[in-house]
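Enquirer: Input: one structure, supplied below.
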Amino acid sequence: MSITLLLNKRIFLLALCFMVGKSIYSAGIYTGKDFILECKDQRYIRNQDICNTAVTQAFASYMVSIELLAGEKLAKCYRSYYPFLEKKSVKDGVLFLTKQYNENPELTPHLLGFGFSVAMYSKYPIPSKCIKFKQSGVLI
Numbered sequence: 092m093s094i095t096l097l098l099n100k101r102i103f104l105l106a107l108c109f110m111v112g113k114s115i116y117s118a119g120i121y122t123g124k125d126f127i128l129e130c131k132d133q134r135y136i137r138n139q140d141i142c143n144t145a146v147t148q149a150f151a152s153y154m155v156s157i158e159l160l161a162g163e164k165l166a167k168c169y170r171s172y173y174p175f176l177e178k179k180s181v182k183d184g185v186l187f188l189t190k191q192y193n194e195n196p197e198l199t200p201h202l203l204g205f206g207f208s209v210a211m212y213s214k215y216p217i218p219s220k221c222i223k224f225k226q227s228g229v230l231i
């Protein structure tokens, strides 16, 4: 009798996990469309961890791409020109990206990192005083 009860509990828990799993589980964010679906408005509260991770990774990739493509000196100059960017909260980044996707819906089908980089370069372009540090062969 106790084995039947234990089996019933396991089946119940399995069924419960299956039913609520969809609302708890949050799919990966790969494109701007995924970001909008998972992170816009009230959905951000429910999916805060995955949204924050996506924006943090996009920002880190953006900063690394500047350094790799344009050089360490230009990246250092860029960071010193916009020091507040690294001091902003992740939630500010989520709000910024949401606003940019609303203003530029053509970016939503593209990968999140691409959309984030385009939005950042548009809003915070490379300062003219930093161009002198650009590596040769790099187009900015």
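In the working numbering, the protein residues as written are 92 to 231. Glycine is no exception: its CB is placed at the ideal position from the N, C-alpha and C atoms.
Assuming Asn143 and Val185 make a contact with CB atoms under 8 angstroms, what is their CB distance in whole Å?
Expert: 7 angstroms between Cβ atoms; contact.
Enquirer: Using a Cβ distance threshold of 8 angstroms, determine whether the region 151 to 169 contacts the region 206 to 224, with at least three qualifying pairs required.
Expert: Yes, since at least three Cβ pairs between the region 151 to 169 and the region 206 to 224 fall closer than 8 angstroms, the two stretches touch.
Enquirer: Assign Asn193 to one of two classes, buried (16 or more other C-beta atoms within 10 Å of its C-beta) or exposed (fewer than that).
Expert: Exposed: under 16 other Cβ atoms inside 10 Å.
Enquirer: I'd like to confirm the pairing. Which residues does DSSP put opposite Thr122 in its beta bridges?
Expert: When DSSP reads this structure, Thr122 sits in a beta bridge with Leu202.
Enquirer: Along the alpha helix (DSSP H) that carries Tyr153, what are the first and last residues, could you check?
Expert: It spans 139 to 161 - the alpha helix (DSSP H) in which Tyr153 sits, taken as one unbroken run.
Enquirer: Using only CA atoms, which one of Gly123, Ser227, Phe205 lies nearest to Ser152?
Expert: Phe205
Enquirer: To the nearest whole angstrom, what separates the beta carbons of Ala145 and Ile120, a pair I think is in contact under 8 angstroms?
Expert: 4 angstroms
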